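K.L.:
In our numbering, the protein residues as written are 48 to 214.
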């Protein structure tokens, strides 16, 4: 069997595996809910895209009220011309006293996946799903890395894979 693409999952792709961002257009969708976390995720995603050659003008940041709105806005943006080469969805869902965050996380993930599959435009999931605010902070540039950076690397890795003529 012939393997196409990196041996490791895209979300942990190294800079070398991720490919280039030069000449590509990106939309970063960010949830206003837990805005300080979203800003840290945006910073990680933008830094990563710039490090891989994206120009400042090729990166558009669009704010949505909450994570639940990410899929519908992603769907609209990928239908516009010129459409982005990839969408990076960012935000944070933190468990409260009810199971609502799990329901939201599943709905958001399914919605973003549907947009990506139906349009062929990579939509990556950089939404932190955490039990506590401390856990979320650790994943937004703290001790556990930055999900915004990871989502940007995943977008670059998928773009590289989709451009592979062997696929």
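Ideal Cβ positions, reconstructed from N, Cα and C, are used throughout, including at glycine. On a predicted model such as this, the values are computed, not experimentally measured, just so you know.
Taking DSSP's pairing of strands, which residues face residue 139 in a bridge?
P.N.:
175
K.L.:
Would you kindly check if the distance between the Cβ of residue 138 and the Cβ of residue 157 is under 7 Å?
P.N.:
no
K.L.:
Measuring CB to CB, does residue 99 end up less than 7 Å from residue 70?
P.N.:
no
K.L.:
Quick one: using the 10 Å Cβ neighbour count with 16 as the cut-off for buried, is residue 201 buried or exposed?
P.N.:
buried
K.L.:
Between which residues of its own chain and residue 174 is the CB-CB distance below 8 Å, once the five residues before and five after are set aside?
P.N.:
78, 114, 117, 136, 137, 138, 139, 140, 152, 155, 156, 194
K.L.:
Given 8 Å as the limit, is there contact between the segment 121-131 and the segment 87-99, that is, 3 or more CB pairs closer than that?
P.N.:
no
K.L.:
In chain order, what residues of the same chain have a beta carbon less than 8 Å from the beta carbon of residue 109, not counting five sequence neighbours either side?
P.N.:
74, 75, 76, 77, 120, 124
K.L.:
Tell me whether residue 107 sits in a helix, a strand or coil according to DSSP, three-state version.
P.N.:
Reduced to three states, the DSSP call for residue 107 is strand.
K.L.:
Of all the beta strand (DSSP E) runs that stay within the bounds of the segment 152-202, which reach a length of 3 or more residues?
P.N.:
170-177, 187-189
K.L.:
Give every residue of the same chain whose Cβ lies closer than 7 Å to the Cβ of residue 105, excluding the five residues on either side of it in the sequence, and list them in chain order.
P.N.:
71, 72, 73
K.L.:
Using 10 angstroms around the beta-carbon of residue 149, count the other beta-carbons present and answer buried if the total reaches 16, otherwise exposed.
P.N.:
The C-beta of residue 149 has fewer than 16 other C-beta atoms within 10 Å across all chains shown, which makes the residue exposed.
K.L.:
I need the straight-line Cα distance from residue 172 to residue 198, nearest angstrom please.
P.N.:
6 Å
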